[in-house]
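In my numbering, the protein residues as written are -4 to 602.
Quick notes on the structure that follows.
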């Protein structure tokens, strides 16, 4: 039950901070109280049946009598849960447990008194493999049971008579029930001759385990037993159906109890994860986002306070210190954590770096932390401060859907379209290497436009990893976009690459794809050809840029050429920039103004 509820909570995180903090407080109670936690596990949770399945069977009226035993066991655990929870004394936290669990479970336990009495009196559970209606419960059923027992005694007397007649022991001749013939005698094949010589007996068949036969009396008694058993089963089935219909009236209460016990199961499970974690898992701070009117009022107040910014009006806060990916950490105990700080002024990160450098793992770890926090669980980090998100939207991974006729690139575009059509300023968007499924120019154009739309126009919180290094120029155009990268150290002498797995400010100019290919054991001759071709392309781009400049210079007027020469001289003769910061700043601002004010010089500036 708890696993299904946990999955539901993770798939549908809360957006109400009061409800989120209530769940976090309940997890905290379980974390800090091992006696309470262990008592719930041993005395309640381990004894619970899977009421999700049983309730569905009750709704369809398809439960068996042995299923009612599971219902009874579950009903018995409810007062046990109340007793365990009432023993806990946790000050202010005690009120939360009383309101959320003890009081409703006590009401349910009162409803279950009659249910427990009904099942206990009606169903005979002494034989776990053959649950049946208690014959004492119904007069007609009781009479049929007495008749059946009387016939069984007569069959046993007939058994003893035949044993005495042939001077056999019970080990030599068995009396057993056969599905086709009813009650029969069975002897080994070596004793078959005595049976066949006596015309009182009828041989029914011979198998490897012996010879089956009946006497006239046994055959008559067997028919009586079958008739009585048929009437008994019909009566028991009628009573069973009435019993199930009666138990089904408790379905609303059973559902309520199931939800409460399942919730306890989730809180205990999350507390165990926290306690068993080798590194810190902390309770996150979860904030309510301000509406537009309140946000505008706070901005106006900040402007009146000389522009000082207060985090209380920051709707895009996601600050997670030393966040970790909980699944990767299980396989790699030496996992390197990373910190992220997103605000209104820096709500989008363009993340570059080498292949296998940790970009995807980092972004996923942030998404997981946000989902866990809003589901009500502690997060794998040293601290976390999160403004509630209305969604976590991801464009991660590359796959296709051949059955639907959808290519990998089409999947990327469909997911991107959903993000663009649904994201708001409260959405956390995670985009991993968008645009790689088509040509470089088309892919880069789409990546740029989609990132700009999400980060600037929609003002969503965005984590965007890419190998299009030109994407880092987006930060030059928009102040709320920041460049970060995962570094790597290249050892030229040994031809190896060591990843740092640390998020650092600024862009990264290389992806080091050839080194990753080397790690994958691509043959050396193939790697050599790849390096040669990559070098040719880099030279081609440099030559193309040089030819473009030469073409522009050939068309420039003497006046423009003179201006370029003057700018170059002023920059060359400027002197030591480190010793004249203010002078350098003024000079560069003058140069920038002059260049921007001259349309003819714009031809020499790459857009």
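No residue lacks a Cβ here, since even glycine has one placed at the ideal position from N, Cα and C.
Computed from a prediction, not measured in an experiment: that's the story for all the values here.
Run of the beta strand (DSSP E) containing residue i, from where it starts to where it stops
i: residue 170; result: 168 to 173
i: residue 495; result: 491 to 500
i: residue 386; result: 386 to 390
i: residue 486; result: 476 to 486
Alpha-carbon to alpha-carbon, residue j and residue i
i: residue 432; j: residue 507; result: 19 Å
i: residue 90; j: residue -4; result: 25 Å
i: residue 689; j: residue 387; result: Shown here, the chain extends from -4 to 602; a query on residue 689 therefore has no answer.
i: residue 280; j: residue 315; result: 10 Å
i: residue 303; j: residue 381; result: Note that residue 303 has pLDDT 46, beneath the 50 cutoff, so the model's placement of it is unreliable and the number below is only indicative. So the two alpha carbons sit approximately 21 Å from each other.
i: residue 460; j: residue 5; result: 25 Å
i: residue 37; j: residue 74; result: 14 Å
i: residue 19; j: residue 257; result: 16 Å
i: residue 206; j: residue 185; result: 9 Å
i: residue 50; j: residue 426; result: 41 Å
i: residue 134; j: residue 63; result: 22 Å
i: residue 96; j: residue 77; result: 8 Å
i: residue 307; j: residue 445; result: Here the model assigns residue 307 a pLDDT of 48, short of 50, so the residue's position is not dependable, and the following value carries that caveat. When rounded, the distance between both Cα atoms is 29 Å.
i: residue 2; j: residue 32; result: 21 Å
i: residue 509; j: residue 442; result: 23 Å
i: residue 447; j: residue 343; result: 9 Å
i: residue 332; j: residue 428; result: 21 Å
i: residue 383; j: residue 282; result: 6 Å
i: residue 267; j: residue 236; result: 42 Å
i: residue 55; j: residue 248; result: 17 Å
i: residue 407; j: residue 41; result: 44 Å
i: residue -1; j: residue 264; result: 12 Å
i: residue 147; j: residue 222; result: 13 Å
i: residue 495; j: residue 334; result: 14 Å
i: residue 126; j: residue 102; result: 29 Å
i: residue 233; j: residue 48; result: 23 Å
i: residue 114; j: residue 44; result: 16 Å
i: residue 357; j: residue 24; result: 30 Å
For residue i, the first and last residue of its enclosing alpha helix (DSSP H)
i: residue 191; result: 187 to 192
i: residue 164; result: Where residue 164 is concerned, there is no enclosing alpha helix (DSSP H), given that its DSSP letter is neither H nor E.
i: residue 333; result: Per DSSP, residue 333 belongs to no alpha helix (DSSP H); it is in the beta strand (DSSP E), 333 to 337.
i: residue 36; result: 29 to 38
i: residue 197; result: Per DSSP, residue 197 belongs to no alpha helix (DSSP H); it is in the beta strand (DSSP E), 196 to 202.
i: residue 330; result: Neither: residue 330 is in no alpha helix (DSSP H) and is coded neither H nor E.
i: residue 69; result: 60 to 81
i: residue 349; result: Neither: residue 349 is in no alpha helix (DSSP H) and is coded neither H nor E.
i: residue 285; result: Per DSSP, residue 285 belongs to no alpha helix (DSSP H) and is neither H nor E.
i: residue 469; result: 469 to 472
Beta bridge counterpart(s) of residue i as assigned by DSSP
i: residue 457; result: 343 and 424
i: residue 181; result: 169 and 207
i: residue 434; result: Residue 434 is not bridged to any residue.
i: residue 380; result: 280 and 314
i: residue 127; result: 119
i: residue 374; result: 277
Per-residue DSSP class, three states only, for residue i
i: residue -1; result: helix
i: residue 96; result: helix
i: residue 242; result: helix
i: residue 515; result: coil
i: residue 56; result: coil
i: residue 319; result: coil
i: residue 138; result: helix
i: residue 416; result: helix
i: residue 503; result: coil
i: residue 7; result: coil
i: residue 364; result: helix
i: residue 45; result: coil
i: residue 464; result: helix
i: residue 260; result: helix
i: residue 226; result: helix
i: residue 106; result: helix
| message | For the pair the region 479 to 492 and the region 443 to 452, tell me if three or more CB-CB distances fall below 8 Å. | response | The region 479 to 492 vs the region 443 to 452: no contact.
| said: Quick test of the definition: if touching needs 3 or more C-beta pairs under 8 Å, does the region 184 to 198 touch the region 133 to 144? | reply: Cβ pair count under 8 Å is below three, so no.
| Inter-stretch contact at 8 Å, needing at least 3 Cβ pairs: the region 479 to 489 / the region 339 to 348 | Verdict: yes, contact present.
| field | Contact between the region 151 to 159 and the region 243 to 261 (3+ Cβ pairs under 8 Å) | value | Three or more beta-carbon pairs separated by less than 8 Å are not found between the region 151 to 159 and the region 243 to 261, which leaves the two stretches without contact.
| task | Check whether the region 56 to 72 touches the region 115 to 128, taking contact to mean three or more Cβ pairs, one atom from each stretch, closer than 8 Å. | result | As far as the Cβ criterion goes, the region 56 to 72 touches the region 115 to 128, which means the pair count is three or higher.
| query | Does the region 9 to 25 come close enough to the region 359 to 373 that 3 or more CB-CB pairs lie under 8 Å? | reply | Result yes; three or more Cβ-Cβ pairs closer than 8 Å.
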